[in-house]
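What follows is a short report on a single structure.
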Amino acid sequence: EEKKLTAYHEAGHAVVMHALPDLDPVHQITIVPRGQAGGMTIYLPDEDRSYLSRSYLLDNIAGLLGGRAAEQLVLGDISTGASNDIEQATKLARAMLTRYGMSDEFGMVALETVTNQYLGGDASLACSAETQASIDRQVVALVKKQHEKAKNILTENRQKLDELASYLYEKETITGEEFMEVLKKETEAEKQ
């Protein structure tokens, strides 16, 4: 059961990432446990980037939540396997609002500062308690919206999700090329 859950979780990440054209291509997917992670979906950029757009960051959050969305869709339950994904998605959403000036409400106001950025980075908010509460509400809303986006993508691509999870369950580790072959095979089957 755990292997099946991990296969669907990682397949969920990969299918969502592939469906969002701004995101980097999938390089490798594995359901072999590594440290605390039950599996991993690795995606690498085609080119170096100095700046990340708002749309890229939003899609990245959706990609991070693709694993949890797959668990809910397929298994009707959720697990602790998404804890790191949720943490990363939340940090990214908060940074968008407090550091990157990507909030409609706050505009280009820095509400958080990071000290010792290259040594782990301690962040501290520089705003009122009322503004902090508003930030919290906006972070929750942003993450929920991207989670819904991931669920919708997986619902629309359920056959691809099932096929990829089955392939991962059997092979355990696949390359980006194998991932694309599974998707291509599935797309050809849909056309017939």
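All you need for our numbering is the position in the sequence shown, starting with 1, plus 6. Ideal Cβ placement from N, Cα and C applies to all residues, glycine included. Quick caveat, the model's predicted, so the values are computed rather than measured.
Distance check for residue j and residue i, CA to CA, integer angstroms please.
{"i": "V145", "j": "Q152", "result": "11 angstroms"}
{"i": "L58", "j": "L29", "result": "11 angstroms"}
{"i": "K191", "j": "F185", "result": "10 angstroms"}
{"i": "G45", "j": "K155", "result": "22 angstroms"}
{"i": "A88", "j": "T12", "result": "10 angstroms"}
{"i": "D168", "j": "H15", "result": "11 angstroms"}
{"i": "Y173", "j": "V80", "result": "16 angstroms"}
For residue i, does the three-state DSSP call read helix, strand or coil?
{"i": "Q34", "result": "strand"}
{"i": "S85", "result": "coil"}
{"i": "T28", "result": "The displayed chain sequence assigns Asp, not Thr, to residue 28. Coil at D28, not helix or strand."}
{"i": "S61", "result": "helix"}
{"i": "S1", "result": "The requested residue 1 does not occur in the structure, where the chain is confined to residues 7 to 198."}
{"i": "D91", "result": "helix"}
{"i": "M46", "result": "strand"}
{"i": "V115", "result": "coil"}
{"i": "R40", "result": "strand"}
{"i": "L71", "result": "coil"}
Using a Cβ-Cβ cutoff of less than 6 angstroms, which residues in the same chain neighbour residue i once the five nearest sequence positions on both sides are dropped?
{"i": "L170", "result": "A17, V188"}
{"i": "I48", "result": "H33, Q34"}
I'd like the list of long-range same chain contacts for residue i, defined as Cβ closer than 7 angstroms, with 5 residues on each side in sequence excluded.
{"i": "T137", "result": "L117"}
{"i": "L71", "result": "D91, A95, Q152, H153, A156"}
Whose C-beta lies closer than 8 angstroms to the C-beta of residue i among residues of the same chain, with five residues either side of it excluded?
{"i": "L9", "result": "Reading the sequence as shown, one finds Lys at residue 9 and not Leu. The answer, listed in chain order, is I37, Y175."}
{"i": "P51", "result": "D30"}
{"i": "E111", "result": "S140, Q144"}
{"i": "G107", "result": "G113, M114, V115, A116"}
- Message: Between the segment 21-37 and the segment 163-177, can you find at least three pairs of beta-carbon atoms closer than 8 angstroms?
- Response: yes
- Message: Counting beta carbon pairs with one atom in the segment 170-180 and one in the segment 82-99, are three or more of them shorter than 8 angstroms?
- Response: no
- Item | Given 8 angstroms, three or more beta-carbon pairs between the segment 38-58 and the segment 127-143 | no
- Query: Does the segment 94-107 touch the segment 58-69, meaning 3 or more C-beta pairs lie closer than 8 angstroms?
  - Reply: yes
- Task: Write down every uninterrupted run of the beta strand (DSSP E) in the segment 134-194 whose length is 3 residues or greater and which is fully enclosed by it, in chain order.
- Result: 179-181
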